[in-house]
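Numbering follows full-length UniProt numbering, with no gaps: position 184 of the sequence shown is 184.
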Amino acid sequence: MLELNNILDASQKSLEIAATCVKSGGVIIAPSDTNVALTINPWIEESIDRIFKIKGRPATSPLTLFVLEPDEWKEYAESEDAETVDLLTKAFWPGPLNIILKKKETVSNRMVCGGDTVSIGCLSNTLWRNFMKTLEMPVAMTSANLSGQADGILVDFDLACEQVGDKVDYLLPGEDINTTASSTIISLVGEPVILRLGDITKEEIEAVIKKEVRLKA
């Protein structure tokens with residue numbers, strides 16, 4: 001693994017360093033439930049541009065907004081069927097489910113590349129949650145790898161260090177990385193549609209919301 005001098009530990013002091021960095025516009029690598037991820041303040045455009053430059057791809061793909069507590073989705077998105085959203089968040093958050101909803105004005109237009117929807121997640125990773133409690137604000141995240149060089153695999157800490165570790169301000173290695181294989185992505189803009197199947201199945205979702213869910217062709 002590449003020798004780096006910007007790797008933090010799991011101490012509260014390190015979490016405070018990482019939180020201060022993100023709040024002020026820096027970029028860190030943090031654990032998640034799946035990929036180790038580039039993590040930023042979603043309301044600072046320069047930070048958004050920087051992570052796409054780090055990844056080596058155009059800044060044209062919307063980022064996912066991650067919140068600490070399930071009910072926080074209501075601050076950043078809206079739905080004509082809030083009951084369904086609440087059923088899903090209560091059943092599966094924190095966990096590997098990203099929900100796409102109509103965004104509110106509280107969401108950065110740059111983060112969603114000018115679109116009118118936002119993908120929101122809530123993770124269970126222990127260190128990530130401790131970091132978020134210290135940070136006290138949502139973050140935007142994307143996998144910590146060079147574009148096109150980690151297709152079909154989970155990005156672990158060693159790979160993140162090798163590919164982009166020297167391009168970020170700090171790295172939080174975490175202790176329970178990759179606890180799930182893949183997150184499920186569901187759109188609740190209109191009728192429920194699963195855009196990507198992950199650890200949470202179509203049947204599990206239907207059992208919770210008591211309605212049929214379509215799989216994207």
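Ideal placement from N, C-alpha and C gives every residue a C-beta, glycine not left out.
Here residue 163 is buried: its Cβ has 16 or more other Cβ atoms, across all protein chains shown, within 10 Å. With respect to the 7 Å criterion, residue 192 and residue 112 are not classified as neighbours on the basis of their beta carbons.
Assigned with DSSP and collapsed to three states, residue 98 falls in strand. Judged by their CB atoms, residue 103 and residue 117 are nearer to each other than the 7 Å cut-off. In the three-state scheme derived from DSSP, where H, G and I count as helix and E and B as strand, residue 111 is classed as coil. When DSSP assignments are scanned along the stretch 122-155, the uninterrupted stretches of beta strand (DSSP E) that are 3 or more residues long and fall wholly within it turn out to be 139-143. In the DSSP assignment, no residue is bridged to residue 76.
Three or more Cβ pairs closer than 8 Å define a contact, and the stretch 179-188 falls short of that threshold against the stretch 66-73. Burial check for residue 153: the Cβ neighbour count within 10 Å stays below 16, so the residue is exposed. Residue 115 and residue 109 have their C-alpha atoms spaced approximately 7 Å apart. Taking a cut-off of 8 Å for Cβ pairs, the stretch 37-56 and the stretch 199-211 do not touch, as fewer than three such pairs fall below it. For residue 215, the CB contacts under 8 Å within the same chain, skipping 5 residues up- and downstream, are 193, 194, 197 and 202 in chain order.
Residue range 28-30 is occupied by the beta strand (DSSP E) that includes residue 28. Membership of residue 54 in any beta strand (DSSP E) is not indicated; the residue belongs instead to the alpha helix (DSSP H) covering 45-55. With a threshold of 16 other beta carbon atoms within 10 Å, residue 49 falls short and is exposed. Only residues of its own chain outside the window of five on either side were considered, and among them none has a CB closer than 7 Å to the CB of residue 217.
Across the structure, residue 184 and residue 5 are spaced so that their CA atoms are roughly 35 Å apart. DSSP places residue 37 inside the beta strand (DSSP E), whose first and last residues are 37-40.
For residue 34, there is no enclosing beta strand (DSSP E), as DSSP marks it with neither H nor E. In this structure, the alpha-carbon of residue 15 lies about 25 Å from that of residue 146.
By the neighbour-count criterion, in which 16 or more other beta carbons inside 10 Å mark a residue as buried, residue 121 falls on the buried side.
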